[in-house]
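Visitor:
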Amino acid sequence: MLDERLEVENLHLWRGERHVLRGVHFALGRGGCLEVTGPNGSGKTSLLRTLCALIYPEEGRVLWKGENVRRELPAFHAALAYLGHEPPLKADLSARENLRYWIGIRRRVAAAELDAALERVGGSSWCDRLVRTLSAGQRRRVALAGLALLVVPLWILDEPTTNLDTEGQQLVGSLIAEQLSRGGLVIAAVHQSLPPAVRDVRRLELSP
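Numbering (my numbering), first residue to last: 454 to 661.
Below you can see the structure in the form of structure tokens.
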């Protein structure tokens, strides 16, 4: 993670007649965390999806390691983990099976790693149940286990504490703090500040 850096230059995005993103710009280097705030409809999710190159802006660029991300999309996507509002889980697979396949398409993962990640998020007792039988908070914990297992430099998170109790929110803070301590980068859209374990956070406020 010696040269990881995300730069955003003058992003403009329209949705029909609505100017959603208006000249958004920032730069984030190793160990940097950015909170994206703003009321509902201010464009937080649109910004995150644009950063992931899932949406094309009308103007502006997203740079990774100094290069436009659209020049080498597969390499950029291999370097990031995006966790949206809905965890990327298959309802008719167990939590363990979901992680095995989700992480397995990105890297080799040992059974012991899966067990450790599930234990870390408090899922040891229910990890073999089908995801459709789990609560929203439990599904979010499975997604957090996957986030930690991916081992990538850039995390882009949309409301990462959604559906979590106090303990789960603290877990999010710990995972993010560990990612930053490794030199990773985190961008999180939030309605409330990230847990106290996450320090030295920069903030970007979007307007409706």
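Every residue gets a Cβ at the ideal spot worked out from N, C-alpha and C, and that includes glycine. Predicted, not measured: the structure shown is a model, and the values here were computed from it.
Confirm, please, whether the CB-CB distance from ALA548 to GLY576 is below 7 Å.
Guide: Within the sequence shown, residue 576 is the residue found at index 123, counting from 1. Within the sequence shown, residue 548 is the residue found at index 95, counting from 1. A contact, by the Cβ cut-off of 7 Å.
Visitor: Taking buried to mean at least 16 other C-beta atoms within 10 Å of its own C-beta, is LEU647 buried or exposed?
Guide: Working through the sequence shown from its first residue, we reach residue 647 at position 194. With 16 or more other Cβ atoms within 10 Å, it is buried.
Visitor: Taking its Cβ as the centre, do 16 or more other Cβ atoms sit within 10 Å of ILE609, making it buried, or is it exposed?
Guide: Counting from one through the sequence shown, the residue named residue 609 turns up at place 156. Result: buried.
Visitor: Need the endpoints of the beta strand (DSSP E) that HIS644 sits in, please.
Guide: Numbered from its first residue, the sequence shown carries residue 644 at position 191. That residue, HIS644, is in no beta strand (DSSP E); it is neither H nor E in DSSP.
Visitor: Grab the span of the beta strand (DSSP E) containing ILE609 for me, first residue to last.
Guide: As a working note, residue 609 is residue 156 in the sequence shown. Run containing ILE609: 607–611, per the beta strand (DSSP E) assignment.
Visitor: Smallest Cα separation from GLY590: which of LEU607, LEU516, GLY621, GLU457?
Guide: Here residue 590 is taken as the residue at index 137 of the sequence shown, counted from 1. Of the candidates LEU607, LEU516, GLY621, GLU457, the one whose C-alpha sits nearest the C-alpha of GLY590 is GLY621.
Visitor: For GLY538, report the span of its beta strand (DSSP E) as first-last.
Guide: Here residue 538 is taken as the residue at index 85 of the sequence shown, counted from 1. The sequence given here places His at residue 538; Gly does not occur at that position. Looking at the DSSP string, HIS538 is not in any beta strand (DSSP E), and its letter there is neither H nor E.
Visitor: Give the secondary structure of THR503 by DSSP, where H, G and I count as helix, E and B as strand, and everything else as coil.
Guide: If you number the sequence shown from 1, residue 503 lands on position 50. The answer is helix: DSSP assigns THR503 an H, G or I state.
Visitor: Apart from the five residues on each side of it in sequence, which residues of its chain come closer than 7 Å, Cβ to Cβ, to LEU567?
Guide: For this step, residue 567 is matched to residue 114 along the sequence shown. ARG549, LEU552, ARG553, listed in sequence order.
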